[in-house]
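Residue numbers (the numbering used here), protein chains in the order written: chain G, 1 to 449; chain S, 450 to 898.
Take a look at the structure:
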């Protein structure tokens, strides 16, 4: 039997009615989509029609910034992705959830349940929550600093993994005659006691189809990369150029190896916001249309929060000057700060130019072109050591997702880079990942593979 | 236009594969149903076919007791009910959730999202969590006492209601030309600071179809009744006899009035576990079959935890003696303790007899009979001041639910006591409840009804 060539992994990051901050102003965009389940069902089914690995939603446990000027993620992502489980049957369902503003028992219980109700399609994008304003919704005087957040996240992962392992696969006996419903020797307390958590366990959810949900992470800072390479099975990242993408890929794969893990079992998925046109001119016209609809007010606020000092209308035609600025830590995503600084330095961008670059992808790579050109850049990154696939971030929804599925996916399939049918029905199956064994299952009792 | 006679409200309480502790041992019961979404989809659609008001699931954030001898609620109820939203279109979706082991911001966000994705069918059964073992899954050295739990619950309700009100109905403007996505004057911080919670708000979820989810509660203790009559829009209760049901009904309706609320807008729904047969003999044979399949081990453990002292196999043929027992508060549900004490006293039950009574309904009323006899008892309670409807607790699933929907519902419809079609598509609509206005909406800006 011929071995399949290495296959791309494609994940659709669905941001309400579009990632581009001006997408809502396009004539065809339906404002009500922001809270309309039918809008999200349409997106999920389009992504499944395109045989994508998964759809995924961000998590913001706080109403962010200047909502006057742009939409926002208005629904709880876990509840949304759960509601979509019944409208789809094969595509992976990934929700972001915070280790800072959840407790591990409840979160483990919810994800194990999602894995059951979706029949093995659950994924968790682990975040520590970057937005400092979230603290005020949870009774904390201050947002914990990154080191504290990552220490808590590490212990959070230990606890949730133990809880997911707390039922062995064959714990339910269901012997009506004995009678014996479960074998209590195959259900384990975890009795975790640590710096942040004390959790007795076991979970009350029997072991789920995938054993554990697939773990995603997007850390690009030092502690973030360390955490991601220790736990994640797929890593999201914002890489604006091929060269930076390759550097990140090489660095992260080496770190994975240093953690004693197989780098082939951790997929690196850079963000890609593709503006697709039938011709190059059409794609660029759509990009210009989006730029023309962008107002600076929202972007200035976002940029100010990234760099940690106020950037105003008066600065629009200047270049940001970082020389007297300390890396003070007031900005909330270190990797995003470094990225912006690098963009200004390398590309000599004015604030106005920088805002246009950020408006489309919020730091993620924006590429405008024909389906063939989009496939070309995907293939180049994929075959030259910069990516195992992509986190697709459609600038406008549903139009940009449909364009990708209808025109780019067939081109990738023609090139033999992407599946033409799902070969399994679990997210682990799509990603080529093994189902983990429970730590409590002894070799003697483990079922044969 | 003729006024409809007062209508029953029927809610289906779905406990995994059956409320009766021996239901899993019936030959037809499918063990795998416990974690199988298709089992729950089947139940939800059966309940919707019967035009019931809602389905509802319990919440146990801990693996309870002797699972060797009986099934348990194995899935997170909120996630389960959310997954069922897409498989149904009209029936209400009620999840239990604890005010002791949740934070109000996250919970408000989830329920508002469920209300959006279900298009107005969300209900929250508020509990403070009675099982003391839950504390060990959340890092608490001890389970908080009832007074503390109810004080926290009260503040929890204040916070969540403010959060659900934080968006006025017309806050989303979506003016593409202005551009103006929302009107920030119609989105309100709540800035709640209290004994248990500090929450800034606003929620990031725009106001949902029902304004707020419908609130259910099952407090039967003194603080429980006080809480329920202050907040709940439907009250679950365990009442073994018509006389006790009437006393409870009269007491609770008076308390509702004392809180300045309209007693007609709070429905009292006693539990009813109906064992249905084509003839009386068939019904009693099914009841005997269930009794014969009941083993005392599980029931003895449950009973011990209710009464607060050990009850063993040696006690099976004695009557429990409460004379030297203090109401020590070690037992975890005060109202259940009082109920058991009353049953032993009034009906002179041995422990064995008591266990059989508890095995079917865990304190809820069990009634075996023909569809006509079940309809008779429902009609009697409904028309003589003991109930506004019932919380149906099918002893075996799916069989007892199907029997009720196929045989009892048509009988109730023939008698003009129950709807033959849904007249609306929201849970508030089914229950005849008004949609609450946001506290932040001024009279001038309120939309006309």
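Note that beta-carbon positions come from the ideal geometry of N, C-alpha and C, so glycine has one too.
- Closer than 8 Å, Cβ to Cβ, to anything on chain S: give me those residues from the region 67-81 of chain G, in chain order. With the criterion set as a beta carbon lying under 8 Å from some beta carbon of chain S, the members of the region 67-81 of chain G are 67, 68, 69, 70, 71, 72, 73, 74, 75, 76, 78, 79 and 80, in sequence order.
- Item | Positions along the region 584-598 of chain S whose CB lies within less than 7 Å of some CB in chain G | For the region 584-598 of chain S, the set of positions with a beta-carbon nearer than 7 Å to some beta-carbon of chain G reads 585, 586, 587 and 588 in chain order.
- Task: Output the distance between the C-alpha atoms of residue 331(G) and residue 160(G), rounded to the nearest integer angstrom.
- Result: Unreliable placement is indicated for residue 331(G), whose pLDDT of 44 sits below 50; the coordinate value is still reported in the next sentence. Counting only the Cα atoms, residue 160(G) lies some 30 Å from residue 331(G).
- Query: DSSP state of residue 487(S), grouped into three classes?
  - Reply: DSSP, read as helix, strand or coil, puts residue 487(S) in helix.
- Segment limits, beta strand (DSSP E) that includes residue 450(G): Look at the range of chain G in this structure, 1 to 449, and you will see that residue 450(G) is not part of it.
- Query: By how many angstroms is the C-alpha of residue 585(S) removed from the C-alpha of residue 198(G)?
  - Reply: Rounded to the nearest angstrom, the two C-alpha atoms are 7 Å apart.
- Three-state secondary structure (DSSP) of residue 382(G): Residue 382(G) falls in the helix class under three-state DSSP.
- Task: Measure how close the beta-carbons of residue 215(G) and residue 190(G) come, nearest whole angstrom, since I'm counting them as under 8 Å.
- Result: The C-beta separation of residue 215(G) from residue 190(G) comes to about 18 Å, leaving the pair out of contact by the 8 Å criterion.
- Item | Inter-residue Cα distance where the pair is residue 98(G) and residue 213(G) | Distance from the CA atom of residue 98(G) to the CA atom of residue 213(G), rounded to whole angstroms, is 15 Å.
- Query: Thinking just about the alpha-carbon of each residue, which of 506(S), 801(S), 549(S) and 885(S) is nearest to the one in residue 593(S)?
  - Reply: Measuring from the Cα of residue 593(S), the nearest candidate turns out to be 549(S).
- Query: In the structure shown, what three-state DSSP assignment does residue 629(S) receive?
  - Reply: In this structure, residue 629(S) counts as strand in the three-state DSSP scheme.
- Query: For a contact meaning CB atoms closer than 8 Å, what does residue 578(S) contact in chain G?
  - Reply: For residue 578(S), there are no neighbours in chain G by C-beta distance under 8 Å, as the nearest C-beta there is about 12 Å away.
- Message: Tell me which residues share the same chain as residue 426(G) and place their Cβ nearer than 7 Å to its Cβ, disregarding the 5 neighbours each side in the sequence.
- Response: If the five residues before and after residue 426(G) are omitted, its C-beta is found closer than 7 Å to the C-beta atoms of 120, 121, 209 and 210, all from its own chain and listed in chain order.
- Task: Would you identify the three-state DSSP class for residue 224(G), choosing helix, strand or coil?
- Result: Residue 224(G) falls in the helix class under three-state DSSP.
- Backbone CA spacing between residue 274(G) and residue 348(G) [nearest angstrom]: Distance between the alpha carbons of residue 274(G) and residue 348(G) is about 23 Å.
- Query: Quick one: Cα of residue 140(G) to Cα of residue 147(G), how far?
  - Reply: Approximately 17 Å, taken between the alpha carbons.
- Distance, Cα to Cα, residue 357(G) vs residue 338(G)? Approximately 15 Å between the Cα atoms of the pair.
- Taking the alpha carbon of residue 314(G) as the point to measure from, which residue in 300(G), 242(G) and 306(G) has its own alpha carbon closest? A check of alpha carbon separations from residue 314(G) across 300(G), 242(G) and 306(G) identifies 300(G) as the nearest.
- Query: Where in the region 97-141 of chain G do unbroken runs of the alpha helix (DSSP H), each at least 4 residues long, occur, reported from the N-terminal end onward?
  - Reply: Whole alpha helix (DSSP H) segments, 4+ residues: 104-117.
- From the beta carbon of residue 651(S), is the nearest beta carbon of chain G less than 8 Å away? Chain G, which has a Cβ nearer than 8 Å to the Cβ of residue 651(S), makes this yes.
- Message: Which residue wins for smallest C-alpha separation from residue 150(G), given the options 303(G), 420(G), 11(G) and 225(G)?
- Response: Taking residue 150(G) as reference, the option from 303(G), 420(G), 11(G) and 225(G) with the minimal CA-CA separation is 225(G).
- Who are the Cβ neighbours of residue 265(G) in its own chain at under 7 Å, not counting the five residues just before and after it? Excluding positions up to five away in sequence, the list reads 233 and 433.
- Task: For residue 214(G), go through chain S and note every residue whose CB falls closer than 7 Å to its CB, in chain order.
- Result: Chain S residues near residue 214(G): none, gap ~17 Å exceeds 7 Å.
- Taking only the alpha-carbon atoms, compute the straight-line gap between residue 558(S) and residue 102(G) and give it to the nearest angstrom. Rounded to the nearest angstrom, the two C-alpha atoms are 13 Å apart.
- Query: Of all the residues that make up the region 16-48 of chain G, which are near chain S by a beta-carbon distance shorter than 7 Å?
  - Reply: Residues of the region 16-48 of chain G with a C-beta less than 7 Å from any C-beta of chain S: 24, 25, 31, 35 and 37, listed in chain order.
- Message: Tell me the DSSP secondary structure of residue 806(S) in three-state form.
- Response: Reduced to three states, the DSSP call for residue 806(S) is helix.
- Task: Output the boundary residues of the beta strand (DSSP E) element that contains residue 817(S).
- Result: In the DSSP annotation of this structure, the continuous segment of the beta strand (DSSP E) that includes residue 817(S) starts and ends at 814-818.
- Message: Using beta carbons (cut-off 8 Å, strictly below), is residue 562(S) in contact with chain G?
- Response: Chain G, which has a Cβ nearer than 8 Å to the Cβ of residue 562(S), makes this yes.
- Could you name the residues that DSSP lists as bridge partners for residue 648(S)? Among the bridge pairs identified by DSSP, residue 648(S) is matched with 641(S).
- Residues that residue 755(S) bridges to, as DSSP identifies them: In the DSSP output, where bridge partners are listed per residue, residue 755(S) has none listed.
- Message: I'd like to know whether the C-beta of residue 369(G) is nearer than 8 Å to at least one C-beta of chain S.
- Response: False, the Cβ-Cβ gap to chain S never drops below 8 Å.
- 8 Å Cβ cutoff, residue 884(S) in contact with chain G: Residue 884(S) is outside the set of residues whose beta carbon lies under 8 Å from a beta carbon in chain G.
- Message: So, with DSSP's three-state summary, where would you put residue 18(G)?
- Response: In the three-state DSSP reduction, residue 18(G) falls in the coil class, being neither helix nor strand.
- By DSSP, does residue 534(S) sit in helix, in strand, or in coil? In this structure, residue 534(S) counts as helix in the three-state DSSP scheme.
- Give the interface partners of residue 198(G) over in chain S, defined as CB-CB distance under 8 Å, in chain order. Near residue 198(G) (Cβ distances below 8 Å), the residues of chain S are 585 and 588.
- Candidates 33(G), 16(G) and 70(G): which alpha carbon is nearest residue 25(G)'s? Among 33(G), 16(G) and 70(G), the Cα nearest to that of residue 25(G) is on 70(G).
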